[in-house]
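Participant:
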Amino acid sequence: MCDGAYWLFNRNLKEIEKIEREMAKEKAEHDKWFKRLPLERRQALERMIWWDNVIVISVLFGPLVVFFLMN
1 MCDGAYWLFN RNLKEIEKIE REMAKEKAEH DKWFKRLPLE RRQALERMIW
51 WDNVIVISVL FGPLVVFFLM N
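Quick note on numbering: the UniProt record's numbering labels position 47 of the sequence shown as 47, and the sequence is numbered without any gaps.
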């Protein structure tokens, strides 16, 4: 029984390591692409990403804040 659990753990660990390698490879490609952009476009993308985060947070937590303020 322990051998089966150990085998399953090793299998899952190998799959996780494989996924981590793939993600690191994709991030390296993205970083390389992002660094090639002109400075103005990089800054514009960073501002867009920041505003996207603000919008998502306000949509998620805005109703809760209104609810607590109304009570």
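All C-beta atoms, glycine included, are put in the ideal place defined by N, C-alpha and C.
Between the C-alpha atoms of residue 79 and A44, what's the straight-line distance to the nearest angstrom?
Facilitator: This structure gives no information on residue 79, because the portion of the chain shown stretches from 1 to 71.
Participant: Rounding to the nearest angstrom, what Cα-Cα distance links E22 and N71 in this structure?
Facilitator: The straight-line gap from Cα to Cα measures roughly 48 Å.
Participant: So, helix, strand or coil for N71, using DSSP?
Facilitator: DSSP places N71 in coil when its eight states are reduced to three.
Participant: Answer with yes or no whether the minimum CB distance from M23 to chain C is below 8 Å.
Facilitator: Judged by its chain identifiers, the structure shown contains no chain C, having just a single protein chain.
Participant: Whole angstroms is fine: what's the gap from H30's alpha carbon to E17's?
Facilitator: If you take the alpha carbons of H30 and E17, they lie about 20 Å apart.
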